[in-house]
Amino acid sequence: MLIDKADVIVTSPDRNFVTLKLTTADGLTGLGDATLNGRELAVVAYLREHVVPLLIGADASRIEDTWQFLYRSAYWRRGPVTMAAIAAVDMALWDIKGKAAGMPVYQLLGGASRKGLMAYGHASGKELPELFDSIRAHQEQGYKAIRVQTGVPTLKAIYGIAAQGADVGDASVRYDHEPARRGAKPVEEDWDTRAYLNHLPGVFEAVRNEFGPDIPLLHDGHHRMTPIQAARLGKDLEPYDLFWLEDCTPAENQEALRLVRQHTTTPLAIGEIFNTIWDFKDIIRDQLIDYVRGAVTHMGGITALKKTLDYAAMYQIKSGMHGPTDISPVGMAAAMHLGLAIHNFGIQEYMRHGAKTDQVFEQSFTWTDGYLHPGDRPGLGVELNVDEAGKYPYEQAYLPYNRLLDGTVHDW
Ligand code: KDG
Ligand code: MG
């Protein structure tokens with residue numbers, strides 16, 4: 009079980025992905041997702057220059073010890089680059105352990121706590137008819153829960169509104185949300201919180217009128233509001249019974265959530281850009297959120313996110329793991345194994361990857377009637393086709409960013 013080889017593979021089928029592949033002396037392989045949207049090559053350098061040399065000759069069976077070694081021996085802890093690199097090692101070691109045991113990773117985590125994972129998809133439209141079509145299309149694909157994002161009348165382009173495949177380099181692909189655009193610089197978008205706050209409640213009213221009271225609806229505020237603005241939105245959306253309001257305020261100021269919480273019963277979700285349990289510690293303890301949005305890929309792996317979710321369980325807070333297209337199929341598989349095993353699973357974000365991505369990553373998960381299951385292959389159940397991956401070299405791509413109407417840079 010000694011690690012013989014560690015390869016960092018960068019590929020860009022429909023978008024950029026960074027994958028760590030570990031190979032043991034007895035020929036077992038494990039994969040880990042290290043994709044950090046828009047800063048991919050920083051993690052590649054961290055892995056290649058500082059982590060891979062430490063792994064060669066190490067015992068692949070020592071998952072916890074390896075995690076602690078990589079986290080503590082660096083001295084400078086935490087941060088998205090470091091934690092994505094540690095996450096990739098952790099996932100790859102769980103993959104290897106599963107293959108060595110002949111079991112899927114969820115069995116090693118305690119076995120299945122449910123039959124499948126309810127997932128939500130991203131419906132969007134610039135205007136209501138397009139949004140309704142998108143919701144219906146998601147329902148036809150089986151989705152039982154749907155995130156709703158729309159345009160705001162006075163704004164030109166908005167995050168979260170469907171980009172056609174042409175924007176992501178493949179006209180056959182329609183992403184309902186792939187915000188990273190290929191190019192040397194981030195695209196600029198405009199933003200006006202007042203117009204957004206005035207517009208959104210009417211959108212949810214229209215969606216409830218059209219689709220009824222039963223379907224779980226979600227919304228992502230993408231860190232754009234001040235605490236009092238978020239409080240107002242939470243209150244205004246109460247009649248429409250949201251499953252959650254996500255990232256209502258910038259993630260750095262956790263006290264903001266206390267103010268929002270005082271004003272609204274709309275459930276709150278946060279944490280897709282958090283990296284460690286420390287980011288969640290106080291807001292879980294003070295019960296300021298309802299769902300933990302951390303991703304296995306950005307929270308230091310299965311080992312670390314499981315600890316965070318077990319802690320959240322003490323406060324009846326559930327998982328809502330991040331699962332956009334920039335989490336690779338390997339990171340998604342890790343999320344599915346973890347979600348199947350824990351008791352306090354809430355919901356899983358799930359966006360389909362493009363066809364090329366599915367050729368690069370051979371996967372074993374299933375999607376049945378709105379529920380995901382990671383499958384029963386030993387390990388994570390994903391293999392990387394190196395020849396396919398080699399066809400798609402890295403291409404620079406960035407998330408857009410925002411400016412207010414007067415030109416001020418705003419939170420994206
Ligand atoms: O990399 C950033 C995207 O993954 C992010 O914009 C997606 O907010 C997002 C979400 O909820 O999936
Ligand atoms: Mg989000």
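All residue numbers in the sequence shown are consecutive under the numbering used here, ending with 420.
The C-beta atom is built at its ideal place from N, Cα and C for all residues, glycine as well.
Every unbroken alpha helix (DSSP H) within the segment 77 to 113, with a cutoff of 4 residues, ordered by chain | 88 to 109
Quick check: the segment 56 to 63 against the segment 246 to 261, are there 3 or more CB pairs under 8 Å?
-> no
Any heavy atom of the ligand MG closer than 6 Å to the Cβ of Asp228?
-> yes
Within its chain, find whatever has a CB closer than 8 Å to the CB of Phe282; leave out the 5 residues flanking it on each side and keep chain order.
-> Ala259, Phe288, Arg301, Gly302, His306, Met307
Can we count Glu280 as close to the ligand MG, meaning its CB is less than 6 Å from some heavy atom?
-> yes
Exposure label - Ser81; buried when at least 16 CB within 10 Å = exposed
Could you please give me the residues that DSSP links to Met307 through a beta bridge?
-> Paired residues: none, contrary to the question.
Whose C-alpha, out of Ala100, Ala53, Val51, is nearest the C-alpha of Trp75?
-> Ala100
Could you tell me whether any non-hydrogen atom of the ligand KDG is closer than 6 Å to the CB of Asn45?
-> yes
Going by Cα to Cα distance, which pick from Ile64, Arg122, Gly87, Met126 is closest to Glu357?
-> Met126
Of the residues Ala66, Asp67, Phe25, which one's Cα is nearest the Cα of Arg47?
-> Phe25
With contact counted as at least three CB pairs below 8 Å, one residue from each stretch, are the segment 34 to 48 and the segment 330 to 342 in contact?
-> yes
Taking C-beta to C-beta, are Gln115 and Ser132 nearer than 7 Å?
-> no
Straight-line Cα distance separating Gly35 from Asp200 = 55 Å
Give the DSSP bridge partners of Glu357, in chain order.
-> Tyr128
Measuring alpha carbon to alpha carbon, tell me which of Glu246, Phe219, His271, Pro209 ends up nearest Pro235.
-> His271
Inter-residue Cα distance where the pair is Leu44 and Ala92 = 7 Å
Using a threshold of 7 Å, state whether the C-beta atoms of Met9 and Thr32 are closer than that.
-> yes
Counted within 10 angstroms of its Cβ, other Cβ atoms place Met322 as buried (16 or more) or exposed | exposed
Measuring from the CB of Asp255, is there a heavy atom of the ligand MG at a distance below 6 Å?
-> yes
Taking buried to mean at least 16 other C-beta atoms within 10 Å of its own C-beta, is Glu280 buried or exposed?
-> buried
When you compare only the Cα positions, how much space is there between Thr333 and Gly119?
-> 27 Å
Residues bridged to Val26 (per DSSP) | Val18
With a threshold of 6 Å, establish whether the CB of Asp334 neighbours any heavy atom of the ligand KDG.
-> yes
Got a sec, what are the start and stop residues for the alpha helix (DSSP H) Glu391 sits in?
-> From DSSP, Glu391 is part of no alpha helix (DSSP H) but of the beta strand (DSSP E) over 390 to 392.
What are the start and end residues of the alpha helix (DSSP H) that includes Arg293?
-> 285 to 293
Any non-hydrogen atom of the ligand KDG closer than 6 Å to Pro275 Cβ = no
Where Gln324 sits in the DSSP three-state scheme = coil
Counting only runs that start and end within the segment 212 to 290, where is the beta strand (DSSP E) found for 3 or more residues in a row?
-> 225 to 228, 252 to 254, 276 to 278
What is the C-beta distance between Tyr128 and Val89, in whole angstroms, given that I count them as a contact (C-beta under 8 Å)?
-> In fact, because the Cβ distance is near 28 Å, the residues do not count as touching under 8 Å.
Can you tell me whether Tyr296 is buried or exposed, with buried defined as 16 or more other CB within 10 angstroms of its CB?
-> Note that residue 296 is Leu in the sequence shown, not Tyr. With 16 or more Cβ atoms within 10 Å of its Cβ, Leu296 is classed as buried.
Sort out for me which residues DSSP pairs Trp199 with in a bridge.
-> Leu412
On the three-state DSSP scale, how would you describe Phe140?
-> helix
Residue nearest to Glu213 in terms of C-alpha spacing, selected from Pro194, Tyr204, Glu246 | Glu246
Excluding five sequence neighbours on each side, which residues of the same chain lie with their C-beta closer than 7 Å to the C-beta of Ala192?
-> Gln404
Count the other CB atoms within 10 Å of the CB of Trp102; is the residue buried (16 or more) or exposed (fewer)?
-> buried
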